[in-house]
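Heads up: the structure comes next, in structure tokens.
There are 8 protein chains.
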Amino acid sequence: IRTGYPEVIFGQGKTPEQLREIISFMISKESNILATRVDPEVSGYVSDLSPDIQYHKLARCLTIRKKPAEKTAESIAVVTAGTGDLPVAEEACVTAEIFDNRVERFFDVGVAGVHRLYDNLDDIRKCRVVVVVAGMEGALPSLVGGLVDKPVIAVPTSIGYGANFSGLSALLGMLTSCAAGVSVVNIDNGFGAGYLAGMINKL
Amino acid sequence: IRTGYPEVIFGQGKTPEQLREIISFMISKESNILATRVDPEVSGYVSDLSPDIQYHKLARCLTIRKKPAEKTAESIAVVTAGTGDLPVAEEACVTAEIFDNRVERFFDVGVAGVHRLYDNLDDIRKCRVVVVVAGMEGALPSLVGGLVDKPVIAVPTSIGYGANFSGLSALLGMLTSCAAGVSVVNIDNGFGAGYLAGMINKL
Amino acid sequence: IRTGYPEVIFGQGKTPEQLREIISFMISKESNILATRVDPEVSGYVSDLSPDIQYHKLARCLTIRKKPAEKTAESIAVVTAGTGDLPVAEEACVTAEIFDNRVERFFDVGVAGVHRLYDNLDDIRKCRVVVVVAGMEGALPSLVGGLVDKPVIAVPTSIGYGANFSGLSALLGMLTSCAAGVSVVNIDNGFGAGYLAGMINKL
Amino acid sequence: IRTGYPEVIFGQGKTPEQLREIISFMISKESNILATRVDPEVSGYVSDLSPDIQYHKLARCLTIRKKPAEKTAESIAVVTAGTGDLPVAEEACVTAEIFDNRVERFFDVGVAGVHRLYDNLDDIRKCRVVVVVAGMEGALPSLVGGLVDKPVIAVPTSIGYGANFSGLSALLGMLTSCAAGVSVVNIDNGFGAGYLAGMINKL
Amino acid sequence: IRTGYPEVIFGQGKTPEQLREIISFMISKESNILATRVDPEVSGYVSDLSPDIQYHKLARCLTIRKKPAEKTAESIAVVTAGTGDLPVAEEACVTAEIFDNRVERFFDVGVAGVHRLYDNLDDIRKCRVVVVVAGMEGALPSLVGGLVDKPVIAVPTSIGYGANFSGLSALLGMLTSCAAGVSVVNIDNGFGAGYLAGMINKL
Amino acid sequence: IRTGYPEVIFGQGKTPEQLREIISFMISKESNILATRVDPEVSGYVSDLSPDIQYHKLARCLTIRKKPAEKTAESIAVVTAGTGDLPVAEEACVTAEIFDNRVERFFDVGVAGVHRLYDNLDDIRKCRVVVVVAGMEGALPSLVGGLVDKPVIAVPTSIGYGANFSGLSALLGMLTSCAAGVSVVNIDNGFGAGYLAGMINKL
Amino acid sequence: IRTGYPEVIFGQGKTPEQLREIISFMISKESNILATRVDPEVSGYVSDLSPDIQYHKLARCLTIRKKPAEKTAESIAVVTAGTGDLPVAEEACVTAEIFDNRVERFFDVGVAGVHRLYDNLDDIRKCRVVVVVAGMEGALPSLVGGLVDKPVIAVPTSIGYGANFSGLSALLGMLTSCAAGVSVVNIDNGFGAGYLAGMINKL
Amino acid sequence: IRTGYPEVIFGQGKTPEQLREIISFMISKESNILATRVDPEVSGYVSDLSPDIQYHKLARCLTIRKKPAEKTAESIAVVTAGTGDLPVAEEACVTAEIFDNRVERFFDVGVAGVHRLYDNLDDIRKCRVVVVVAGMEGALPSLVGGLVDKPVIAVPTSIGYGANFSGLSALLGMLTSCAAGVSVVNIDNGFGAGYLAGMINKL
Ligand SMILES: Nc1ncnc2c1ncn2[C@@H]1O[C@H](COP(=O)(O)O)[C@@H](O)[C@H]1O
Ligand SMILES: Nc1ncnc2c1ncn2[C@@H]1O[C@H](COP(=O)(O)O)[C@@H](O)[C@H]1O
Ligand SMILES: Nc1ncnc2c1ncn2[C@@H]1O[C@H](COP(=O)(O)O)[C@@H](O)[C@H]1O
Ligand SMILES: Nc1ncnc2c1ncn2[C@@H]1O[C@H](COP(=O)(O)O)[C@@H](O)[C@H]1O
Ligand SMILES: [Mg+2]
Ligand SMILES: [Mg+2]
Ligand SMILES: [Mg+2]
Ligand SMILES: [Mg+2]
Ligand SMILES: [Mg+2]
Ligand SMILES: [Mg+2]
Ligand SMILES: [Mg+2]
Ligand SMILES: [Mg+2]
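Next comes the structure, spelled out in structure tokens:
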């Protein structure tokens, strides 16, 4: 439908056989390919399908780039609070990049060590849209939203325990953020954030 | 801080006296003013403060425009499912407009009578960003997101009863939307959606 | 009690031995047999009990047909949103079929690619009752309910992650559907939907 | 769209003026009219609009019958557990009746005094479809579903206190009913149950 | 403290070594011993500690009887809805028995096949107190409470799926029971019900 | 059915007219009458129906005693944590008393001032069954259950704010009580506790 | 018990008469008195009881100081995010002060305008213990906890709407705070925070 | 930043390799090191890194002490209800100790056997701050808070089943505690409690 767009596969819940079959079919087209939520073992099972196949370990994503990248002039900032949030943040980065966006990573700048955020603030402000990934209390998007005058896409993660209730605490916190300009996607939905950020970045 | 920006007041929980005092203080500045969640009676209590004061009954908002509007070239689409969602949708519209955005309203095009959505699809697609306001099962943003290739800001409303649980059903539905490009703001947060839409529209 | 009816066994939580014992006992009667939630390994453990035994892999159901099928003249439509919903949808289909209903499958016609639903609408409308299986935001039953003038039985699935909360988002969405003529069964309860659809189909 | 069908208005949240306007407009058509969730005072405000207007106090519904009723040959049974459930049950009855269905009421036959249910069982079994309205623990649909071989539409009510949590206890109970052939509509949604029962009754 | 009482050990979460140590220590006293939530393997690991040790497989309990049983004259009825509820019901039975109560089992008499309950009603009524174990919608205690004029202790079980939410549906249903004379213990707490029933039985 | 038993009316949600009608009808029989959840104004509206009518202000109950009380030899202890719990505790007391039980009140002996509980422990231990009414964290039944060797009926109240969530904190606390011999009734259900306590007291 | 301590009355849910009676009784003792959750009207009803009585309008507290204050040398910092949190913050302040603590107020320094927090950081750091009051996403305690090396007592407020769910979002956020040294009291429990802060301040 | 402070590592979710790398890096500094949530196998994988490394099995913590301990003069009391709470309690103890606090353990003194608490009360009262760890109904902090005039840090644990809902019952109970002077940390957050207790102990 949207010709030229990368084809996207949601790997979770698909068997290696199903995944191999879908990728084989898509590879014949001209588009780039992104498969999310792909376990390392599964990635090995399909690695022979193309010389251009690439597995992003932390992001748990597979990409196949058929068309040379013409990256956007402006960047998407991807900001994370803590180490546990990295896989979700990388899912957002890999997604945005396969959609030909320039991405800048600002990792581990969470509320607990807020000076690191301030050190990077000028660079974040230069980006066109900001993805903020955070677990536990999910306070970082509020803080970034208050300091940066750009659209903030908040991604709650299920990282945490106890009253985190599988990401609920971060989710509710982000939805009730006092800072204007913040919107929220599903818990752990790095793909959704990267996709939307790319859409906004290219407007 | 952000000079030239409209000043925004969250009216809910403020006494008429508090509101009058805040508006009186702000009116001395050059900026436009927006006060949300203002009851009709309260609006009467402050109507003498300026000849430019305007009360938006459905939106329950007060605006004071000090600077002539220079509307954006491109528009924000504000789409609603049902009659009950109108106040929240209008809060989004009034917010976007006081921030100098052109707004197009597509009201009452919900899933129950989906042909009305199709009738308006071409016009919605011409807008730069889409706000979708829906209560109950909150299915409309998924549908719009699947049909339109623009950022969709979904606003769940607390309109409904029973298993709606004060907007929870619409909120969860929108967060788990199958359509990519959709993000969500707080239940009934028309202001947040209008503000963010404006921010994106002006990128 | 209801003589001639298929005997139904809920396989979940039963040991292979328990299942073998129950089926052995029932096989002596004249009725058809349906066992749901049967794992592949368990199915192997009982496959020698009858030459008529059949294992439906996707549906995870076992059936034994003792009486030749006299299928109903009219059909039940079983409609699904995405790939992940197939096992639940097939549980509904197999159930309806062992109760001698004619079933028509309309799979993968979800809200994200809504044109596929429209392509099949005429055929769905010809059916007497519609089962709609959907996970995540569960928007499909609302859409079908608004387009089709037949009873819709909505089955939420636990397919999803994050704010899906094990099917809660789809469940609440379906319960608060704006479309009239929609009722809901338990999360992942393909059997219940197939059984009820058959009951209505034969009225 | 569905010509000849009664026009339905959801009165909740509409002002008397809005309601008067909608009814005035609809009254010019040939169809019957049903307005649900109409408070007694509001009903007085529109009673002059037609000589045929009728207010159903317990059901809190307004009806205007323009076409003489041709009732169905077969009946819908509407069964309730306790006194508090009557308004919801009557909303179902009035809805089914304005859609030209024959309705039989079996009120106050709840689990606490289960012999009353048994006294009426033969008559309930003669109906084509059964609506069961119950609050608190919502056990009645399971019981009826086990005793009657007809489709059961369960309506949880918000009647109760404490762990009822506004109908949640009845809702969850009905969704997890052990009896096959039971489906559920939203809490207090008498309209939805009556509408669906009528749809099934006329198949 | 309560001399002569059986010693009770909650086995869940204890290592085989911890359990062996505790039982070894207690065995030197005169009291009977009950250990609940003991896995079969663990039971093997301690079986040499006493010739009187007995493992109740279904109940997943270990008992050691040091004092000959002097059973109560009157009985406790233990009633269950379905097969899945048996382990919890047996935990209640074994508990009540090691506390020297006479117990009568009425299993598999749930709401779905309610005639089986009626067949046993006279015998249940002869008991002094009734334990009712049920999962899913948990309707059975209401029904028994309405038919029997004895204290009913309701035990919700986590048996079920979907809207059962790990026993929540049964728990809420039992707490909001319309029948007077019903009280509730924790989900799956067969021990608590058996203990309390014994306490009441001996008053 | 249970002849000689008091007739019980659940006043909540009944209009004064409905209540007057029900009481008028019942008064002709020989039984005692109990109406719970009766507002003071409503009580005035029916006070002329009998010279024996009595309104219990704190308990919000109406009683009519037709038969002279033959109180039980043994007592029910009704224990409360704080002042806010008194109405629910008194509902339990009045219920138990109209069913001819001797009741002893131990009020305001909550966990915050636990010495008061110890002062009364001997007297509580002499009773045959104990009702414990508590709001907020609902810790009192656990404490009483650990100190007293009698059946404890725990009544959570909705007294509190914040994380009390309308009685949820007390309810969950009581259900998960570490003390054996404790069972729970619905939030604020003083009637249920008093009724069950009476049933046990008379065994 | 704790002689010399102020007597504390929880005013919520008490009638004016009850309050007058309790205060009259306590006034005869030597201790200072604090009554929380007292409405303005009620305060008028008891104002004649002592010349020393003082009503704190914003905090909704009554105090009677019988003993001259000997304020602590060190201070408690009370920090708030927004205007809506003021009543809860003032309840904490008034409580701490009647217990003879020196209190410093840092109001309206929330995450949305975080520079205001930085302006006050040196003064906050000089205090011995910090109370942080915040609604909505409740991010402020995390931020303060990361910047200040003193015990932080976090008070979630019920200020907000939608996904705030009566303070749940702030509560969960504070409990899952990434910053060490933060503990939490009940939603809106300014008293509890002020009391605990005073206890720590005096160690 | 806080020089001289122990370095803290949250081990949960980190691979053995990641942990080894972080510890190797930190070991070069002068500070003591604490790693929490470390599985026994992982501990073996890093045990060669330093002769001073120590694995606390019950607490599942690793410590490396580089600087000789100068324990505080005053103690922190760590109090637990049951055996299952020991790991969380030990996490609090080990944390407080590596921060050079003197710790006194009062284990297994829960509400069910409350006399054991009384036996230890004098010793608990001598401590400067009290950590109370409890699962299930979480009643112990309320009791301790009522008996001891020191700050109480309550730690809910996820120990339990059924209505415990992974620690929710204990959490809500502690938050709504009637005793003043109690604050709460996250479910199972022994580290947070030990850290905060140490901070208060050293004030
Ligand atoms: N990590 C992810 N989370 C949510 N949605 C995703 C993710 N990855 C891909 N998707 C969506 O899943 C669709 C493909 O689904 P499928 O056809 O099941 O592979 C894509 O078009 C995306 O919209
Ligand atoms: N009591 C009710 N509960 C739920 N839905 C209703 C009810 N009454 C009417 N409706 C629905 O509301 C629609 C009319 O909504 P409206 O256009 O807002 O008046 C009808 O077509 C029905 O589908
Ligand atoms: N306070 C109460 N809470 C719960 N159930 C009650 C209460 N008072 C009375 N009931 C029950 O309500 C029944 C009467 O209900 P009704 O016929 O609606 O008046 C009685 O038989 C009791 O079982
Ligand atoms: N605002 C408040 N929130 C929670 N507890 C409070 C509050 N104010 C007072 N209290 C507690 O309530 C107790 C007095 O309760 P009462 O005897 O009902 O007046 C005091 O000792 C405090 O522990
Ligand atoms: Mg911003
Ligand atoms: Mg789109
Ligand atoms: Mg339809
Ligand atoms: Mg049936
Ligand atoms: Mg009974
Ligand atoms: Mg006891
Ligand atoms: Mg700090
Ligand atoms: Mg204390």
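Heads up: the protein sequence lines correspond to chains C, G, Y, U, H, A, D and B, in order. Going by my numbering, the first sequence opens with residue 1, and the numbers climb by one from there. Going by my numbering, the second sequence opens with residue 1001, and the numbers climb by one from there. Going by my numbering, the third sequence opens with residue 2001, and the numbers climb by one from there. Going by my numbering, the fourth sequence opens with residue 3001, and the numbers climb by one from there. Going by my numbering, the fifth sequence opens with residue 4001, and the numbers climb by one from there. Going by my numbering, the sixth sequence opens with residue 5001, and the numbers climb by one from there. Going by my numbering, the seventh sequence opens with residue 6001, and the numbers climb by one from there. Going by my numbering, the eighth sequence opens with residue 7001, and the numbers climb by one from there. Where is the CB? At the ideal position from N, CA and C, for every residue including glycine. Since we're looking at a predicted model, the values are computed, not measured.
Cα-Cα separation, residue i to residue j
i: B/Ser7075; j: D/Asp6100; result: 26 Å
i: G/Ala1134; j: G/Ala1077; result: 14 Å
i: Y/Ala2139; j: G/Gly1110; result: 12 Å
i: A/Tyr5161; j: B/Cys7178; result: 11 Å
i: C/His56; j: U/Leu3143; result: 55 Å
i: G/Ala1180; j: G/Glu1137; result: 18 Å
i: B/Thr7176; j: D/Ala6059; result: 20 Å
i: U/Asp3119; j: H/Val4079; result: 25 Å
Beta-carbon neighbours of residue i, restricted to chain U and to distances below 8 Å
i: A/Leu5086; result: Here the premise fails: no neighbours, minimum Cβ distance about 17 Å.
Nonlocal neighbours in the same chain, by C-beta distance under 7 Å from residue i, ignoring five residues either side
i: Y/Val2148; result: Ile2124, Arg2125 and Val2130
i: C/Asn201; result: Thr72, Glu74, Ile76, Asn101, Arg128 and Val129
Residues that residue i contacts on chain U, provided the C-beta gap is smaller than 7 Å
i: A/Leu5171; result: Ala3163
Partner residues on chain B for residue i, Cβ-Cβ distance less than 8 Å
i: A/Ala5081; result: Cys7178
9 Å Cβ cut-off: residues of chain B touching residue i
i: D/Ile6153; result: Ser7183
Same chain only: Cβ atoms within 8 Å of residue i, ignoring 5 sequence neighbours per side
i: U/Ala3163; result: Ser3169
i: C/Val46; result: Pro16, Leu19, Arg20, Ile23, Ile53 and Leu62
i: U/Arg3002; result: Per-residue confidence for U/Arg3002 stands at a pLDDT of 46, beneath the threshold of 50, marking its modelled position as unreliable; no derived number is given.
Per-residue contacts from residue i into chain Y (C-beta, under 8 Å)
i: G/Leu1147; result: Val2114
Proximal residues of chain C, C-beta to C-beta of residue i below 9 Å
i: B/Gly7167; result: Gly162 and Ala163
Under 8 Å from the C-beta of residue i: neighbouring residues of chain A
i: H/Arg4128; result: Leu5203
Chain B residues whose Cβ lies nearer than 7 Å to that of residue i
i: D/Tyr6195; result: Ala7180 and Gly7181
Chain-ordered neighbours of residue i on chain C, where CB pairs are closer than 8 Å
i: D/Leu6143; result: Val111, Val114, Ala139 and Leu143
i: D/Met6199; result: Those do not exist, as D/Met6199 stays about 24 Å from chain C at its closest Cβ, beyond 8 Å.
Cβ neighbours of residue i in the same chain (closer than 6 Å, five flanking residues each side left out)
i: C/Ile9; result: Ile22 and Ala35
i: G/Met1174; result: Gly1138, Pro1141, Ala1154, Pro1156 and Val1184
i: D/Leu6117; result: Val6109
Interface partners of residue i on chain H, CB under 9 Å
i: A/Ile5076; result: Those within 9 Å of A/Ile5076 in chain H number zero; the least Cβ separation is about 12 Å.
Identify each residue in the segment 5041–5072 of chain A for which the Cβ-Cβ distance to at least one residue of chain H is less than 7 Å, and report them in chain order. none
In the segment 171–192 of chain C, which residues sit with their C-beta less than 8 Å from some C-beta in chain Y, listed in chain order? Leu171, Asn186, Ile187, Asp188 and Asn189
Could you list the residues in the segment 4006–4031 of chain H with a C-beta less than 9 Å from some C-beta on chain B, going in chain order? Phe4010, Gln4012, Gly4013, Lys4014 and Gln4018
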